[in-house]
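One structure below.
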Amino acid sequence: MPKFVTLLFFLLISYQLRAQTWEVGGALGGAGYIGDLNPNNPIKVSGISGGLFVKRNFDGYFAAKLNFIYGKISADDSKSSSQQFRDRNLSFNDPLKEISIIGEFNFLNYIPDAGPHKYTPYIYSGIGLTAFAPRTDYQGRSYGLRNLRTEGESSPYSKSTIVIPYGVGLKYNFNGKWTVAGDLGYRYTLTDYLDDVSKVYPNPGQLPNNLSRALSDRSGEVGKPFNPMGSQRGDFKPRDTYFFFGFTVSYTFVTQRCYY
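As numbered in the numbering used here, residues 52 to 311 make up the sequence shown, in order.
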């Protein structure tokens, strides 16, 4: 029995050494969002993104990744093809800072410089936390919108939201232990205020100050009448979505010892 236990222990350790490898990399690409100022185009890019990650590859199929991405999204009603949106005349830009833990599955057995395949498609999903802070430009200056409570919120909405990342990609072992990959990933959020727009126009008398009133309803800037209290300002959908797409380059720490 002791010999059997020793052999089993040796096999388990050998498997772990063979199967588990670390990977580090960076990403660069674009960002976009789907929400009250862009309700219909799920691939409209409005800003850039970049990030860093550390990944643990358990074998050629499964991995877990700690991921940090910075991206910027924006939209401007004045550039819309919709006359209704141009009359509304709202705009925003929003820097997003996301940290997430992501599980990844390769469709092919993929181990750089050691596995049987040079490329593989993959899918991923996970959970994360994203800090956001919508802003807009007005009379030559940039203003943060959260504390202005432009829809008459009783208190400012949260500075962050839980997100569920999910996406697809394709990776390729282009040189030794180096991998290049391209992917597109969406983020299901728990907020409708990435763009500071959600429901209806508030009672102007209940807004905190003149700046809040000016940025709550900007129709007057394009010669349109101001909107009555309670009329539609957003699309009434409960949450916004954003996405990142781009390319990553990574290095996998693989040694000959791991695979014998």
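Ideal Cβ positions, reconstructed from N, Cα and C, are used throughout, including at glycine.
If one requires a minimum length of 3 residues, the beta strand (DSSP E) runs lying completely within the segment 188-253 are 192-195, 211-226 and 229-240, in chain order. Beta-bridge partners of residue 305 (DSSP): none assigned. When beta bridges are read from the DSSP output, residue 124 appears opposite 145. Non-local C-beta neighbours of residue 270 in its own chain, meaning closer than 8 angstroms and more than five positions away in sequence, comprise 138, 139, 140, 276, 277 and 278, ordered along the chain.
Straight-line measurement puts the Cα of residue 131 at about 24 angstroms from the Cα of residue 197.
The alpha carbon of residue 229 has as its nearest neighbour, out of 96, 295 and 165, the alpha carbon of 165. Within the DSSP bridge table, the entry for residue 80 names 100 and 297 as partners.
In this structure, the straight-line span from the alpha carbon of residue 126 to that of residue 195 is close to 15 angstroms. Judged by DSSP secondary structure, residue 182 falls within the beta strand (DSSP E) whose first and last residues are 170-182. One alpha carbon belongs to residue 172, the other to residue 87, and they sit about 33 angstroms apart.
Bounds of any alpha helix (DSSP H) do not take in residue 260, whose DSSP letter is neither H nor E. Residue 224 and residue 262 have their C-alpha atoms some 54 angstroms from each other. Closest in alpha carbon position to residue 144, among 177, 157, 186 and 154, is 186.
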